[in-house]
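Notes for the one structure printed next.
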Amino acid sequence: MTFFLQLVISGFALGMVYALIAIGFVIILKCSKAFNIAQGHFVMIGGYLGFTFLVTFHLPVWVSLLAAIAVAIVMGLLIERLTLRPLVGQPVLAVIMMTIALATVFEGLATLIWGGEYKAYHGVLPTLTLKIGELSIPSEMLIGIIVSVVVVIILMILFRYTKSGLAMRATAEDEQVVQSAGIKVTTVYALSWVIACVVGVIGGIILGGVSGVMVGMSQVGLKAFAVVLLGGINSIGGAIVAGIMVGVLENVAAGYLDPLLPAGGGLANVFPFIVIIIVLVFRPHGLFGLVEIERI
Amino acid sequence: MALPSGTFNQSYDQDMAIFRTKTQWLILLVFLAFLFTSPLYFSDRILTILTIIGITVISVHGLNILTGYCNQISIGHAGFMAVGAYTSGMLTAHLGWSFWAALPCAALAAGLVGILFGLPSLKVKGFYLIMATIAAQFIIIWLILQFRNITGGGDGLAVPRPEIGDFVFRSKASYFYLVMAIACLATFVAKNIVRTRAGRAFIAIRDNELAAEVMGINLWAYKLLAFFIGCVFAGVAGALLVHYVAFATVDQFPFMNSVWYLGMLIVGGMGSTTGVIFGVVSLKLLDELVVIVGPMLAVAVAPQAAASLGLIMRGLVIIIFLIFEPRGLAHRWQMVKAYYRLWPFSH
Chain A
720 MTFFLQLVIS GFALGMVYAL IAIGFVIILK CSKAFNIAQG HFVMIGGYLG FTFLVTFHLP
780 VWVSLLAAIA VAIVMGLLIE RLTLRPLVGQ PVLAVIMMTI ALATVFEGLA TLIWGGEYKA
840 YHGVLPTLTL KIGELSIPSE MLIGIIVSVV VVIILMILFR YTKSGLAMRA TAEDEQVVQS
900 AGIKVTTVYA LSWVIACVVG VIGGIILGGV SGVMVGMSQV GLKAFAVVLL GGINSIGGAI
960 VAGIMVGVLE NVAAGYLDPL LPAGGGLANV FPFIVIIIVL VFRPHGLFGL VEIERI
Chain B
22 MALPSGTFNQ SYDQDMAIFR TKTQWLILLV FLAFLFTSPL YFSDRILTIL TIIGITVISV
82 HGLNILTGYC NQISIGHAGF MAVGAYTSGM LTAHLGWSFW AALPCAALAA GLVGILFGLP
142 SLKVKGFYLI MATIAAQFII IWLILQFRNI TGGGDGLAVP RPEIGDFVFR SKASYFYLVM
202 AIACLATFVA KNIVRTRAGR AFIAIRDNEL AAEVMGINLW AYKLLAFFIG CVFAGVAGAL
262 LVHYVAFATV DQFPFMNSVW YLGMLIVGGM GSTTGVIFGV VSLKLLDELV VIVGPMLAVA
322 VAPQAAASLG LIMRGLVIII FLIFEPRGLA HRWQMVKAYY RLWPFSH
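Chains A and B, in that order, are what the protein sequence lines are. The first sequence maps to residues 720 to 1015 in this note's numbering. The second sequence maps to residues 22 to 368 in this note's numbering.
In structure tokens form, the structure reads like this:
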């Protein structure tokens, strides 16, 4: 029982981070109808930025976080302006290939700048320990949960109570109407990419604290896709619920089934894909997504 | 298609001909003659590159039918290649089948697995389908690693070279002939599949799925057929690849290759058989350039520069083509031909 609860709790922490990453994806999708395959690479870059600021420059945690966010903002603006804006009006495949190409470039840049090695910064983040009975929650995971919750709340407030949030929601609804109402759609696109980058980078710093950083970390983006599909592709609330579900299920499945599998398992890595296939076959619009109606 | 001045189509056969004039036939024959005598003038290293290009051409033809003509985007093509590769590898290595019996089985197995992962395409499209095919890639590779008793898992699987009677395709030149013969056949088949009833149905589905359905095209059957055909090509290519290396590992079919095949399609031009060849040849040559330049950069800049150069360059090539020439090299080639035909008048 303790083992089970331990798996559930660490899965919950992981799931919050997945949800955070998935939200970045959903925001871009809602606002600019672009599927961002490179979301996981923002996470990887975030992890390396965390390493650079925390370990290489010895900056305090909060300064590092702000510095990383600043870098993320610049990154988001550049990506939108240079690569995505020329593709407005192009078919889905063009946009997806563009983000895949971006992902490849990021992978190359990370290899060039940080050597593509495994870097860890355990214990640099502040330590908090929480014990409930026999269960102990590792401090990195606790921080992960806290930061994720805070970021999600900030995003919710941003969407609900600010002017730019309103503009973003309106753009998601109907671009042409928004343009005729005098809102600059390109600014909204840029903002959505900036938010996605920032959210991804924050997720990367948290994950980096838990399990270290390497180039292969961008695979977490693929897990975020499973989350997005399960939650419904245009629902932020769905992303949070599905994030926690995928995180917990993945951890529990890996904890119990891995010892039974012949080649030592690695189930945690394929589990999201199995989720993807099942969701796509049985409920393509996800748990909370809208059913799309098509007309000729 | 624009014809040279003074040539007119007067019958249905002439209208349908791929090679319309004697000059075109001559160019084709000269090219084929050059291709099939190339072991005489090229070194083994260049023959290796050409063989790999041939194998990739076969695979990308399949992707072109699936993605370029039927618009069912697949980023799991390397995974489907792995299915063909391991089917053929296991049949020859464990059961002692001959390569010639194992190759059709590999094609069939890859096609059937393609149908399996194509099933979501009946309900979903665009991004959702991409996710399903990415999932296919990872699930297939994971399954191969799990069934280590028969696939060899992470250790790989030794695979024999093909043979006819006593003759074994051991030298580079002999395997080059084998691959090129199959590649030419694949090009011929791929070009003609899209001119059949099925091919026209694929194009209709690509251009407007709902309209195609309303016209009476059975979406269910034709989408799965596209997956089957596309993956059959992948299976053949995968089998040829492992029998060439004489060894099968999952590292030969990374996710990056699946992406890169789509990149070749974009650079060459979607929905064009010539484009496939342009795309594969140009990007494979680019890869070779990286192999040459990479070590120099590694010495000059940093040891990891060689690895990152390949990635950055692959990404940049796709970005540049998407922004500046989304219709690919095949379109450029048409423009060059039109310019040549019309010069000195532009109309």
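Here a beta-carbon is modelled for each residue, glycine too, at the ideal position from N, C-alpha and C. Computed from a predicted model, the values in this text were never measured in an experiment.
For V280/B, at least one C-beta of chain A is nearer than 8 Å to its own C-beta. The Cβ of F761/A sits no closer than 8 Å to any Cβ of chain B. Going by DSSP, P141/B is part of no alpha helix (DSSP H) at all; its letter is neither H nor E. Rounded to the nearest whole angstrom, the C-alpha separation of F1001/A and S937/A is 28 Å. For T721/A, the uninterrupted alpha helix (DSSP H) run begins and ends at 721-751, by DSSP.
The shortest CA-to-CA distance from V297/B to any of V51/B, R66/B, I39/B, I74/B is the one to I74/B.
Runs of the beta strand (DSSP E) lying entirely within the segment 851-905 of chain A, each at least 3 residues long, are 854-856 in chain order. Taking one beta carbon from each stretch, the segment 301-316 of chain B and the segment 174-186 of chain B have fewer than 3 pairs nearer than 8 Å; the two do not touch. Straight through space, the alpha carbons of A222/B and M236/B are spaced by roughly 10 Å.
Under a criterion of Cβ atoms nearer than 9 Å, the residues of chain B adjacent to A813/A are, in order, I287, L343, P347.
Taking 8 Å as the threshold, the shortest C-beta distance from M37/B to chain A does not fall below it. Closer than 7 Å at the C-beta level to chain B, one finds these residues of the segment 820-836 of chain A: A820, L821, T823, V824, E826, G827, L828, T830, L831, G834, G835. Within the segment 91-178 of chain B, the alpha helix (DSSP H) runs of at least 4 residues that lie entirely inside it are, in chain order, 98-115, 120-139, 148-167, 169-172. Segment contact: the segment 320-332 of chain B against the segment 805-819 of chain A, fewer than three CB-CB distances shorter than 8 Å; contact not assigned. Within the same chain, Cβ atoms closer than 6 Å to the Cβ of I959/A are found at A738, the five residues on either side in sequence being excluded. At a cut-off of 8 Å between beta carbons, L861/A makes no contact with chain B. Identification of chain B residues near P779/A by a Cβ-Cβ cut-off of 9 Å yields none; the smallest Cβ-Cβ distance measures about 29 Å.
V338/B sits away from V81/B, with the two beta carbons spaced by 8 Å or more.
The beta carbon of V998/A sits closer than 8 Å to the beta carbons of A945, L948, L949, G1005 from its chain, once the five residues preceding and following it are set aside; these are given in chain order. When only Cα atoms are considered, V727/A and M794/A end up about 35 Å apart. Within the segment 796-813 of chain A, the residues whose Cβ lies closer than 7 Å to any Cβ of chain B are, in chain order, T802, P805, L806, Q809, V811, L812, A813. At a C-beta separation below 8 Å, P1003/A has these neighbours in chain B: P141, K144, V145, Y149. Apart from the 5 residues on each side of it in sequence, L343/B sits with its Cβ closer than 8 Å to the Cβ of I287 in its chain, given in chain order. For the segment 304-333 of chain B, the set of positions with a beta-carbon nearer than 9 Å to some beta-carbon of chain A reads V322, A323, P324, Q325, A326, A328, S329, L330, G331, L332, I333 in chain order. By the Cβ-count criterion, G331/B is buried, with 16 or more other Cβ atoms from all chains shown falling within 10 Å of its own Cβ. The DSSP-derived three-state label of F299/B is helix.
With contacts defined as CB atoms closer than 8 Å, G1008/A and G966/A fail to qualify as a contacting pair. Where N970/A is concerned, the enclosing alpha helix (DSSP H) starts and stops at 955-976. Between F731/A and chain B, the shortest Cβ-Cβ separation is not below 8 Å. In the displayed model, V807/A falls within coil according to three-state DSSP, outside both helix and strand. A residue is called buried when at least 16 other Cβ atoms come within 10 angstroms of its Cβ; R216/B does not meet this threshold and is exposed.
One Cα belongs to V971/A, the other to N85/B, and the distance between them is close to 40 Å.
Put simply, the backbone Cα of T69/B is about 36 Å away from that of Y243/B. In this structure, DSSP gives F944/A a helical state, which the three-state scheme calls helix.
Here E184/B carries a strand assignment [DSSP, helix/strand/coil].
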